[in-house]
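If you count by our numbering, then the sequence shown holds residues 37 to 513, one letter each, in order. Have a look at the structure below before the remarks.
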Amino acid sequence: MEVSEDVLLKAVDLALGVGSSYAETRFQVDSVRFIHVRNGALQSIGNYSYGGVSVRVLVDGMWGFAATSDTSWDSIKDAVSRAVTYARAVARIRRRKIRLGHERLARVSYSVNEGVKVEDLSDDYLVKYLTGLDSRIKVEPRVRVRNLFLNVKITDKVLITSDGAYVRSRVPRIYLFGSLIAYDPQKGSAQRNVEFGGSGGFEILGNVEQELDREVSAIRDVLDKAKPLPHDDVMDVVFSPELAGIFVHESVGHPSELDRIMGREGAEAGESYMRVDYLGSYKLGSDLVTIIDDPTIPNSYGYYLVDEEGVPARPRYLIRNGYVNEFLMNREYASYIGLTSNAAARASEFDKEPIPRMANTYLAPGDWKPEEIVRETRKGLFIASYTEWNIDDRRWFGRYGGFEAYYIENGDLKYMVRDPFIEVDTKTLWSNVDAVANDLRFFPGTCGKGNPEQGVPVFLGGVTFRVSGVRVLKSPT
């Protein structure tokens, strides 16, 4: 599937000619390859591609959006007509008019290099790769259910806007997901989900074998060595980079999306504890807390250099030294508060509208070494990985279940703890941070948002850090 840039530009000109004050066309094709192996046996394998052209226009201060998978000129022309019609219909009933800021827009072509192109690897090679990973996992025979999913997606895009943006990009992404369920008749069950991936070639999965070996060892220890806490308690908790990642994503990233703050998702995904007047004035965390969302990290799963509106990407400092510093904004929502976009507009497929999204969100490194934080903890808990999480729709109160966890006494890891849970509000979580390490790590994920639902690739990351005075609950079973 291909569309010439002249056709995309022609569609923009057509939209302007029928009354649009702004227009953009985006051609996007996603080429996908997938393999699923369960307990060493191939379950599914295949490939497909999907794509088309979207048209977004601004007419009488309202957006209109339409898309087509038929790339003929007649179909694209019809999409322009539909987008303009939708915008005019909404303009008659909505009072707040949309305006765009005067952002610096990009004119650029870029692509991500692949050391080993997955398309050059045969199906047999990839199936043997997954069955080889399965063999490493089943050395622990109690891991009775082993699902491994490999997904490769290459996204090709061209974006043209009426105010001068031109972006052509090609980003290959690779993602490996594993769901491991262990069972022991005397010791119960343990489930662990693991994820690996990034943008680039097959080399992105270079350390998977070692990571899986460590996960299998942790599952074995949870079954054989872990014991529940004797009672609920309030204590200091040291969290690993994996926990930092889910915390920043759920308790800071989502509530920092400006469309969410201003109520766009109130009846669907929820609201936000953030307010527009928090910007630059509200202290959410301690001085040690800086949380960044950066789309430009090389080989990251959420990588991009220019967003879906043509704005060049950069690191966004959502929290700086504890203070709310920046929201995630597209051109529309930034203009409502007198600012310019920080390139947060993303769309998952060709037929989805761009909305404010995260990319790669993480807790910035501090000066401590992770082992120093444990050594300086008199009594507490170290949680290395988690199994589940829940957070309310304002992103204020969260509950997280630990998987691999250890009780700390006088700076030593005394014993493994079975299924601890923590309950903490966002303010306490970040205000009580008193030590931040320098061991930055990232974990891939798919972030959901929007109606219709849009799942976009992201990194969740951070470092080991300590929070004082956390409510810890013993295992519920």
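Note that CB positions come from ideal geometry on N, CA and C, so glycine has one too.
- Taking A142 as reference, the option from A471, Y337, S377 and D455 with the minimal CA-CA separation is S377.
- Separation of F478 and A280 (C-alpha to C-alpha, rounded to the nearest whole angstrom) is 10 Å.
- Looking at the backbone, the Cα of L259 and that of D220 are separated by about 7 Å.
- Ranking K153, G97 and A102 by CA distance to the CA of R128 puts G97 first.
- When the alpha-carbon of L509 is set against those of L375, P264 and I112, the nearest one is in P264.
- The beta carbons of N396 and G233 sit no closer together than 9 Å.
- The residue among D470, R180, D475 and G437 with its C-alpha nearest the C-alpha of W425 is G437.
- Boundaries of the beta strand (DSSP E) harbouring I427: Y422 to I427, taken from the DSSP string.
- Just so you know, the alpha carbons of G505 and V270 end up roughly 6 Å apart.
- Note that the C-beta distance between I391 and Q490 is below 9 Å.
- Shown here, R131 sits in coil according to DSSP, grouped into three states, outside any helix or strand.
- At a Cβ-Cβ threshold of 9 Å, T500 and W404 count as neighbours.
- In terms of Cα proximity to G321, the closest of I409, L399 and G76 is L399.
- Scanning R62, D272 and V273 for the CA closest to the CA of Y202 turns up R62.
- Nearest C-alpha to R414 among G434, Y359 and L449: L449.
- For A349, there is no enclosing alpha helix (DSSP H), as DSSP marks it with neither H nor E.
- Residue pairing for T500: DSSP places it in no beta bridge.
- Residues V73, N75, G76, R182 and L184 of the same chain have their beta carbon placed closer than 8 Å to that of D170, with the five preceding and five following residues left out of the count.
- P177 and R250 have their C-alpha atoms some 15 Å from each other.
- Per DSSP, the continuous beta strand (DSSP E) segment holding L94 begins and ends at A77 to V95.
- Here the region 301-316 does not lie against the region 110-126, with fewer than 3 beta-carbon pairs under 8 Å apart.
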